[in-house]
């Protein structure tokens with residue numbers, strides 16, 4: 001008989017070794033795993049603060065400028081005052097993961113047609129004593145003067161009714177027949193500082209009391225002149241009745257600058273293209289808005305407005321949530337000073353100076369409203385001082401849009417709330433429902449009527465009551481028709497009661513938005529500001545939805 005005890009001892013020791021090995025193996029991989037998790041956590045905190053200085057030269061050139069090579073910024077890059085001024089000769093693109101921080105007192109000089117495009121974050125926070133300056137490499141000794149021709153009443157300064165400054169008065173230009181040639185139109189655009197020149201149609205004479213117009217039947221330009229006065233200017237006629245009821249001439253120019261000495265040195269400017277932003281609560285946590293991560297404070301922007309191939313671009317061009325701007329000065333832009341399009345959030349320009357731009361001082365195209373210009377100086381611009389255009393929202397998807405009839409509201413509701421009210425063509429019964437909206441005691445509610453489509457006009461009625469029931473004061477009773485829009489309605493206290501009534505067998509889709517604020521929601525608010533001596537109109541508002549404040 002074979003003794004099995006040694007084998008048992010061996011197996012026992014072997015099992016213990018295997019167990020210890022597996023334990024060590026498990027602990028090792030646990031350690032590695034925890035190390036990787038910790039490294040990732042540390043990186044998530046610190047990687048955004050990683051400084052990338054590879055784009056900055058270590059020495060200055062013979063002009064005393066530090067070369068900033070431009071290109072793509074994917075990390076955090078800081079421009080120190082000690083190395084200022086900087087020379088930028090290629091476009092700077094801030095990626096969504098990147099951030100450019102400019103210290104107080106820094107000056108950045110850009111080559112012609114070069115600028116900064118922001119998808120991530122641009123932080124330029126100067127002080128009253130140490131402003132940040134964005135300008136061109138060779139700043140002119142004096143500012144260019146504005147031309148004595150202009151195009152008004154069009155969507156931009158590039159097209160519209162032709163007017164000429166004659167004897168100190170802006171006058172429309174008429175012609176008894178369409179005998180203006182392409183050369184004539186090109187000279188007008190060249191005098192304006194832009195390329196091209198095409199027929200912009202006839203514009204009906206302006207109603208009301210106006211200054212006598214100029215009759216200029218045939219300028220007979222050769223196409224090489226720089227101003228319309230260099231053509232057959234002596235053939236002009238001025239006086240009562242010379243134009244009779246003939247319409248004015250319209251001209252359309254291209255969005256490209258002529259390559260004159262006044263333009264070729266301009267840089268492109270700052271472009272914010274759907275740059276990074278956060279969502280934040282304001283107004284005692286009742287209003288939820290988008291807030292940009294970028295900030296411009298005590299910043300001077302000079303001689304911008306001309307991009308690649310001399311295309312006309314605003315000195316500050318914004319699409320999406322605008323940067324936070326205070327004490328920003330934009331002067332001598334070759335096109336608009338500031339252009340903000342589709343912001344999707346409130347706009348605030350505080351203590352701004354917008355002067356001597358070739359186009360508008362500030363142009364805003366928004367469907368949200370809440371554009372505030374506070375303590376601004378807007379003067380001597382080639383177009384309108386302030387132009388605000390409200391555009392209608394288009395709802396391609398229903399994200400964050402609730403059904404009015406099934407919406408659940410609470411006493412601590414956050415705003416804005418966008419709801420849809422619908423009725424089906426196949427529904428045999430009338431649709432009726434109601435909702436009560438409530439905000440803080442010191443705020444009021446505003447209802448915006450955004451969009452309505454229906455197959456039968458006047459088949460839907462919305463009643464808005466100033467309180468919590470139908471027994472309160474009726475603020476508005478709105479019946480919907482296609483291609484119409486009701487004015488916004490505001491409560492006088494912190495509650496609103498809305499009823500919806502739609503007839504059977506009708507196709508209706510209506511969108512409304514309820515917002516909260518300390519007073520009625522405004523489209524445009526201009527407070528403690530000066531708007532004067534602009535070549536166009538002072539303040540222009542198109543498609544007003546709610547109201548305008550001028551204080």
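In full-length UniProt numbering, the protein residues as written are 1 to 551.
Glycine included, every Cβ here is placed at the ideal spot set by N, Cα and C.
Residue state for residue 81 is assigned as helix, using DSSP reduced to three classes.
Counting along the chain, no beta strand (DSSP E) covers residue 275, and no H or E run does either. Less than 9 Å divides the Cβ of residue 107 from the Cβ of residue 135.
In this structure, residue 432 places its C-beta atom within 9 Å of the C-beta atom of residue 502. According to the DSSP assignment, residue 547 belongs to no alpha helix (DSSP H), since it is labelled neither H nor E.
Taking all protein chains shown into account, residue 276 has 16 or more neighbouring C-beta atoms within 10 Å of its C-beta and is therefore buried. DSSP places residue 184 in the uninterrupted alpha helix (DSSP H) bounded by 182-192.
In the three-state reduction of the DSSP assignment, residue 157 falls in the coil class. Residue 234 and residue 228 have their C-alpha atoms spaced approximately 11 Å apart. A Cβ-Cβ contact shorter than 9 Å links residue 117 with residue 93.
Between residue 543 and the set 240, 496, 369, the nearest pair of CA atoms involves 369. In this structure, the beta-carbon distance from residue 158 to residue 122 does not fall below 9 Å. Going by DSSP, residue 334 is part of no beta strand (DSSP E) at all; its letter is neither H nor E. Annotation: the continuous beta strand (DSSP E) that includes residue 532 extends over 530-532. In the three-state reduction of the DSSP assignment, residue 234 falls in the helix class, which pools H, G and I. In the three-state DSSP reduction, residue 310 falls in the helix class (H, G or I). According to the DSSP assignment, residue 283 belongs to no beta strand (DSSP E), since it is labelled neither H nor E. The three-state secondary structure of residue 432, taken from DSSP, is strand. A direct Cα-Cα distance of roughly 47 Å separates residue 165 from residue 511. When the beta-carbon positions are compared, residue 77 and residue 110 stay at least 9 Å from each other.
When only Cα atoms are considered, residue 65 and residue 88 end up about 10 Å apart. For the segment 415-461, the continuous beta strand (DSSP E) assignments of 3+ residues that do not extend past its boundaries occur at 417-423, 431-438, 444-454, in sequence order.
Distance check between residue 507 and each of 163, 295, 427 places 427 closest, using alpha-carbon atoms only. Exclusion of the five residues before and after residue 200 leaves 159, 250, 251, 252 as the residues of its chain whose Cβ lies within less than 6 Å of its Cβ. Within its own chain, the residues whose Cβ lies closer than 7 Å to the Cβ of residue 516, once the five positions on either side in sequence are excluded, are 283, 286, 287, 415, 439, 443, 445, listed in chain order. Taking 3 residues as the minimum length, the beta strand (DSSP E) runs contained wholly in the segment 86-144 are 86-88, 92-94, 99-102, 107-110, 115-118, 121-125, 132-136, in order along the chain. In the DSSP annotation of this structure, the continuous segment of the beta strand (DSSP E) that includes residue 374 starts and ends at 371-374. Pairing residue 306 with residue 335 gives a Cβ-Cβ distance under 9 Å. Here DSSP, grouped into helix, strand and coil, assigns residue 228 to helix.
Separation of residue 114 and residue 81 (C-alpha to C-alpha, rounded to the nearest whole angstrom) is 21 Å. Within its own chain, the residues whose Cβ lies closer than 8 Å to the Cβ of residue 311, once the five positions on either side in sequence are excluded, are 255, 256, 257, listed in chain order. Take the alpha-carbon of residue 478 and the one of residue 486: they are about 7 Å apart.
If you draw a straight line from the Cα of residue 56 to the Cα of residue 67, it is about 6 Å long. Counting every other CB atom within 10 Å of its CB across the protein chains shown gives residue 497 a total of 16 or more, marking it as buried.
Per DSSP, residue 499 is one residue of the beta strand (DSSP E) stretching across 495-502. Here residue 222 carries a coil assignment [DSSP, helix/strand/coil].
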